[in-house]
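Heads up, the thing below is written out as structure tokens.
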Amino acid sequence: MASSGLHGVFDIQSVAPANPAPTYQKSNGKQPHIGVLPDIELEPIKPGKDSNGNYFEHQSRMGMQTPRTPNELEMSRPPTPRQNEAVGLVQTWNNPPMNKWRILCCCIIYFGNGLNDAVVGALIPYMEVYYHNSHTIMSLVFVGNAIGFIAAAPLVTWILAKLGRAKTLIFAEVFLIAAYIVLVCTPPFPLVIIAFFLIGYGAATSLALNNVYCANISPSSAVLGAAHGSYGVGGTIAPIVGTAIVSKGILWSRFYFLLLGLRFCCVAFAAWAFHKYEEDSSTTLLTALEITASRQNTAAESGSKMRELKLALQNKVTVFGALFIFAYQGAEVAVSGWIISYLINYRDGDPAKVGYVTAGFWAGITIGRFVLTHAAPRIGEKNYVVGLTLGTMVLQLLAWLVPNVIGNAVAVSLLGLLLGPVYPCAQTIFSRLVPRHLQTTAIGFIGSAGSSGGAVAPFTTGILAQAAGTWVLHPVALGLYCAMLVCWFALPRVNKRTE
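In the UniProt record's numbering, the protein residues as written are 1 to 499.
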């Protein structure tokens with residue numbers, strides 16, 4: 001009774017024991033004991049389903065664990081590169097396994113490009129007769145091809161972002177198929193120029209994509225050597241087949257039926273080989289926090305492809321790389337396109353026989369890319385390219401000064417042998433010097449704008465040949481080799497990676 005009365009007057013509560021104030025043991029300059037750190041980590045939240053089909057959110061355990069002891073905390077150091085950058089796993093020719101077929105697809109596409117480029121030199125004398133054109137007018141096919149290459153340069157990255165690699169390759173092949181459909185109809189000459197524009201655009205697009213892909217597959221020099229060696233195989237076969245066709249009185253345009261059939265095969269192969277490319281390439285070494293940073297960076301970069309192109313053009317490697325490939329492709333196509341006319345005019349060569357000299361030139365390029373490219377990593381790509389370029393200059397002089405058809409043919413074949421490894425070695429150096437996030441844009445521009453030299457130089461040679469004679473091929477080629485050396489020495493040094 002008394003206690004109940006007191007409860008009516010006073011509110012009596014039990015007092016919870018207070019936590020004692022934390023105490024630290026003093027020591028001579030030592031840090032307080034940390035103990036075991038809690039296992040707390042920020043992880044991305046992903047949706048899921050329980051057994052009843054209800055949605056819930058859970059955390060994935062994909063990140064690095066927080067160091068649990070002071071010793072582990074001391075050992076935890078930021079790696080190189082920085083943690084807010086995605087580090088792609090280095091793919092090899094057989095990892096993932098689909099890469100074997102993708103490399104084969106690239107080789108077949110390069111093979112078709114080689115067939116296309118090398119046959120022009122063998123067909124030009126017969127096209128001049130058919131259309132009753134001079135050297136200058138016939139050179140306009142190279143101009144149309146160059147405009148196609150230049151037009152493709154700024155659009156490759158944008159189309160790739162919109163369509164993906166497989167559909168972009170199909171897009172490029174459709175341009176080539178359309179061009180060959182026009183050519184097999186033996187159209188008026190203005191339509192021939194338009195067809196070569198379509199060829200340039202389609203070839204530039206596939207070239208940019210395949211160069212970047214092969215340059216990032218280990219071992220890059222060997223993969224690029226195989227890919228561009230396939231280009232050389234096509235370049236070797238094309239003059240032989242083309243000369244055999246036209247020397248029998250068959251119309252020059254019938255050769256393009258072969259290329260038309262090949263391009264239909266390339267469309268199907270590319271669609272199958274690259275249809276899951278983005279899924280295979282998305283594997284990265286990222287922590288949970290790096291995933292968020294990478295997504296933010298990707299969104300920012302994809303928002304402005306023109307800004308990416310500007311950044312690539314501000315890069316020294318892009319500018320000098322494009323000029324280097326401009327000179328290289330110019331010399332290669334000029335020699336291939338005009339050496340037959342030179343031998344006919346100045347060495348009294350038989351048109352039915354000297355047409356095979358171009359095949360020897362492309363055979364040399366093919367052997368060089370398959371065989372000599374493997375020595376590049378041991379010697380060093382930069383020094384290797386310098387030695388090869390100096391050798392080509394000597395052989396070009398021999399082809400000019402030795403007054404003999406056989407001697408000229410041998411010199412041109414050896415010239416191709418030394419010139420062959422230059423392109424894959426150069427692409428390897430460019431891929432090492434250009435930042436990874438700019439590679440598709442920069443190397444695409446180098447391949448597209450630079451390859452326009454394969455049109456400008458033959459066109460210039462044709463104009464000069466109309467005025468002075470086809471002997472001007474040799475000084476033009478020598479000047480282009482000198483330009484290659486200047487651009488090569490202007491590139492920055494390749495620093496070895498430290499991670």
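Think of the CB as a built atom: it goes at the ideal place given N, C-alpha and C, for glycine as much as any other residue.
Item, Value
"Cα-Cα separation between Tyr481 and Gly420, rounded to whole angstroms", "14 Å"
"For Thr460, three-class secondary structure by DSSP", "helix"
"Beta-carbon proximity of Ala172 to Leu198, cut-off 8 Å", "no"
"Rounded straight-line distance, which links the Cα of Met484 to that of Leu323", "8 Å"
"Where Asn95 falls: helix, strand or coil (DSSP)", "strand"
"Ile199 in three-state terms, based on DSSP", "helix"
"Buried or exposed (CB count within 10 angstroms, at least 16 for buried), Asp117", "buried"
"Buried or exposed (CB count within 10 angstroms, at least 16 for buried), Pro239", "buried"
"Closest Cα partner of Ser423 within the set Gly200, Asn95, Leu224", "For clarity, residue 423 is Tyr in the given sequence; the question names Ser instead. Per the Cα distances, Leu224."
"Ile250 (DSSP reduced to helix, strand or coil)", "coil"
"Beta-bridge partners of Ser218, as assigned by DSSP", "Thr92"
"Neighbourhood of Tyr356 by C-beta, 7 Å cutoff - its chain only, sequence neighbours within 5 removed", "Pro239, Ile240, Thr243"
"Start-to-end residues for the alpha helix (DSSP H) that takes in Arg378", "376–379"
"Cβ shell of Leu433 (< 7 Å), same chain only, five flanking positions each side left out", "Val317, Leu491, Pro492, Val494"
"Through-space distance from Ile379 to Thr298, alpha-carbon basis", "In this predicted model, Thr298 has a pLDDT of only 45, less than 50, meaning its place in the structure is not dependable enough to derive any value."
"Euclidean distance between Cα positions of Phe320 and Lys248", "45 Å"
"Pick from Ala208, Ile237, Glu381 that is closest to Gln439, judged by C-alpha positions", "Ala208"
"Endpoints, the alpha helix (DSSP H) within which residue 501 is located", "Beyond the ends of the chain as shown, which are 1 and 499, falls residue 501; an answer cannot be given."
"Three or more C-beta pairs below 8 Å linking the segment 259–268 and the segment 375–391", "no"
"Sequence-distant residues of its chain with Cβ nearer than 6 Å to residue 505 (five each side left out)", "Any property of residue 505 remains undetermined from this structure, which presents the chain solely from 1 to 499."
"Local conformation of Arg347 per DSSP, three classes", "coil"
"Boundaries of the alpha helix (DSSP H) in which Val156 is found, first to last residue", "156–163"
"Beta-carbon proximity list for Gln427, same chain, < 6 Å, skipping 5 on both sides", "Asn211, Ala215, Leu224"
"Inter-stretch contact at 8 Å, needing at least 3 Cβ pairs: the segment 187–202 / the segment 163–170", "no"
"Closest by C-alpha distance to Ala359, when choosing among Ile159, Ala455, Gly202, Ile237", "Ile237"
"Minimum length 4: unbroken alpha helix (DSSP H) runs contained in the segment 396–433", "405–419, 422–433"
"Close-in-space but distant-in-sequence residues of the same chain around Phe189 (CB under 6 Å, 5 per side omitted)", "Tyr131"
"Coil, strand or helix - Phe370 by DSSP", "helix"
"Distance, Lys276 Cα to Gly479 Cα", "45 Å"
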